[in-house]
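Here is the structure we will look at, set down as structure tokens.
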Amino acid sequence: MVATKRIVVVGIPGVGKTTVIDKVVEKIKEHRFTVESVVFGTLMFEEAKKLGVNHRDEMRRLSIEDQRKLQMKAAERIAKMKADFLLIDTHLMIFTKEGYWPGLPIEILKALSPSNLILIEALPKEIISRRRRDSGRYRDSVDEGEIIRETEIARGMLSATGVITGVPMLIVMNKEDYIEGATQRILEALGVM
Ligand code: AMP
Ligand code: MG
Numbered sequence: 003m004v005a006t007k008r009i010v011v012v013g014i015p016g017v018g019k020t021t022v023i024d025k026v027v028e029k030i031k032e033h034r035f036t037v038e039s040v041v042f043g044t045l046m047f048e049e050a051k052k053l054g055v056n057h058r059d060e061m062r063r064l065s066i067e068d069q070r071k072l073q074m075k076a077a078e079r080i081a082k083m084k085a086d087f088l089l090i091d092t093h094l095m096i097f098t099k100e101g102y103w104p105g106l107p108i109e110i111l112k113a114l115s116p117s118n119l120i121l122i123e124a125l126p127k128e129i130i131s132r133r134r135r136d137s138g139r140y141r142d143s144v145d146e147g148e149i150i151r152e153t154e155i156a157r158g159m160l161s162a163t164g165v166i167t168g169v170p171m172l173i174v175m176n177k178e179d180y181i182e183g184a185t186q187r188i189l190e191a192l193g194v195m
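In our numbering, the protein residues as written are 3 to 195.
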């Protein structure tokens, strides 16, 4: 039995986080470890519905105070989850009207207590086309320049998160036609080969 790994997976919207996580989960299962994945935003949305929020993409329009409460509730639930490998699908920053708001401030990081941080990146062109294709979502539509800016901000946020947690930060490129590459790199980092 390996020590529990709590893996926080982040990346700007449209990099393909959820797809990569699903693949990683599938592979870890083949190795007979217990593995869970949780979408932070889904837990927040369950709570947000009680406030009358109708869509997950409406949450970032709530007041920061309300978002912070939802954020802490989600983190507290995740803190109680157990598995050999727990993958947490979340965001370094949220695009609110007041500006970029940290998805992983210090108190949330304390609750989640990650063992690994993984930032997924992708080519701006692929991110844009994935955001456009994602018809069930209300993605903010932006150009390539804005994607590059978001990517840079994410890297800065990742550094801060690394310093706070003291855990390794892996940056993985997710190529649309080669998801196996990203999946393999993550499995290798987690010692599942
Ligand atoms: P997702 O389905 O991963 O795009 O998440 C949906 C929404 O959940 C995001 O747009 C945010 O409003 C919210 N969310 C997800 N993770 C966090 C977090 N760590 N802190 C605050 N809000 C979050
Ligand atoms: Mg997702």
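No residue lacks a Cβ here, since even glycine has one placed at the ideal position from N, Cα and C.
Taking DSSP as the reference, what is the three-state secondary structure of residue i?
i      : result
Ser131 : helix
Asp91  : strand
Ser228 : Any question about residue 228 goes unanswered here, given that the chain covers just 3 to 195.
Met46  : helix
Ile9   : strand
Gly101 : strand
Met83  : coil
Ile14  : coil
Lys1   : Given a span of 3 to 195 for the chain in the structure shown, any question on residue 1 remains unanswerable.
Lys52  : coil
Glu217 : This structure gives no information on residue 217, because the portion of the chain shown stretches from 3 to 195.
Leu160 : helix
Val4   : Low per-residue confidence applies at Val4: pLDDT is 46, beneath 50, and the placement is therefore not dependable, though the value from the model is reported in the following sentence. Coil at Val4, not helix or strand.
Leu106 : coil
Would you decide whether residue i is buried or exposed? Buried here means 16 or more other CB atoms lie within 10 Å of its CB.
i      : result
Thr167 : buried
Ala81  : exposed
Met46  : buried
Met3   : Bear in mind that the predicted position of Met3 carries a pLDDT of just 44, short of 50, making it unreliable; the figure below should be weighed with that in mind. It counts as exposed.
Leu72  : buried
Ile149 : buried
Arg8   : buried
Thr92  : buried
Leu192 : buried
Gly101 : exposed
Comparing the CB of residue i with every heavy atom of the ligand MG, is any distance shorter than 7 Å?
i     : result
Lys25 : no
Thr20 : yes
Asp91 : yes
Report whether the distance from the Cβ of residue i to the nearest heavy atom of the ligand AMP is below 7 Å.
i      : result
Met83  : no
Pro15  : yes
Leu160 : no
Val55  : no
Gly164 : no
Arg132 : no
Can you tell which of the options has the C-alpha that lies nearest to the C-alpha of residue i?
i      : options                          : result
Asp145 : Arg139, Leu53, Glu154 and Ile129 : Ile129
Val40  : His33, Val27 and Ala50           : Val27
Leu189 : Leu89, Val12, Arg135 and Glu67   : Leu89
Met95  : Pro107, Lys84, Phe87 and Asp86   : Pro107
Arg70  : Val22, Leu172, Ile110 and Asp142 : Ile110
Phe97  : Asp136, Glu48 and Thr153         : Thr153
Val22  : Gly193, Met175, Tyr102 and Asn56 : Met175
Arg58  : Gly147, Lys99 and Tyr140         : Tyr140
Arg76  : Val55, Asp86 and Gly105          : According to the sequence shown, residue 76 is Ala rather than Arg. Ranking the options by Cα distance to Ala76, first place goes to Gly105.
Phe87  : Met195, Val165, Thr36 and Val10  : Thr36
Using 8 Å as the Cβ pair cut-off and three pairs as the minimum, do the region 13 to 28 and the region 122 to 130 touch? yes
Is it the case that the region 51 to 65 contacts the region 111 to 122, given that we only count it when at least three CB pairs across the two stretches are under 8 Å? no
So, do the region 109 to 116 and the region 150 to 160 have three or more beta carbon pairs nearer to each other than 8 Å? no
Using a Cβ distance threshold of 8 Å, determine whether the region 20 to 39 contacts the region 168 to 187, with at least three qualifying pairs required. yes
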